[in-house]
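What follows is a single structure, written as structure tokens, with notes after it.
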Amino acid sequence: MDIDNIVKNLKNDNKTNAVQRTEFVEFMENVNDPYLVLICCILSLRTNDKTTYPAAMRMLELGRTPKEIMNLDIKKLSEAIYPVGFYQNKACQIIDLSREIVEKYNSKVPDTIEELVKFKGVGRKTANLVLTKGFNKPAICVDVHVHRISNRLGYVKTKSPDETEFALREKLPKKYWIDFNTLLVTHGQNVCKAQKPLCERCSIKKFCKKNI
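Going by my numbering, the sequence shown opens with residue 4, and the numbers climb by one from there.
Listed below in structure tokens is the structure:
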């Protein structure tokens, strides 16, 4: 499969505005702060970008560092991030995680998957996103879009996002690791949708196993 041209076409879609990034995706592309990437990613779990983005902005008005967030009242943070999914649990999680970063990691977010997944509620998807967007380190963040599209294309044949991550680690050239998530998320939100993919609009349909 011509992964080089697939990535080239997806990047061109972004440059020519053939697809539109959500405000949340755009924010995560430019935030460049491991801690903010981490807590905003936690907010986004099981919540759409349209809801997550304003909630994240309200949260960041209350604090932007682990020390500031760890001292917030749980009720106040819960109210700020509502109506993200499981907002009360996420408020507790973010405050506890912030305290742990301050007390155990000297206020610095760790930069390895092995350390990041030690935090309660942080899985490989979140850990990989922190590495790519927070530290600019090569990693492969696999969400539902990356998992679905990688399989639809026939680039991998996997049953879960974790399986997809490890399959991509074996096949995907490392130079594409950092950008792959954003490219496929945006493509999935605009074109390669879960229920009704807009194949007639797809710039990579000629590479897709679904269309062969």
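Even glycine gets a Cβ: it sits at the ideal position worked out from N, Cα and C.
In this model, K79 and I152 are separated by some 38 Å (Cα to Cα). In this structure L119 is buried. Its beta-carbon is surrounded by 16 or more other beta-carbon atoms within 10 angstroms. When only Cα atoms are considered, K199 and R61 end up about 33 Å apart. According to the DSSP assignment, M73 belongs to the alpha helix (DSSP H) that extends over 69-73. For S110, same chain residues with a beta-carbon under 8 Å away, outside a window of 5 residues either side, are T68, P69, K70, I104 in chain order. Residue state for Q198 is assigned as coil, using DSSP reduced to three classes. Here the alpha carbons of C202 and C195 stand approximately 7 Å from one another. K162 and A94 have their C-alpha atoms some 31 Å from each other. Spatial neighbours of A170 in its own chain (CB-CB distance under 7 Å, excluding positions within 5 residues in sequence) are listed in chain order as V159, T161. Contact fails between the region 130-148 and the region 87-101, because fewer than three Cβ pairs, one in each stretch, are under 8 Å apart. Where P164 is concerned, the enclosing alpha helix (DSSP H) starts and stops at 164-174. If you draw a straight line from the Cα of H190 to the Cα of I9, it is about 11 Å long.
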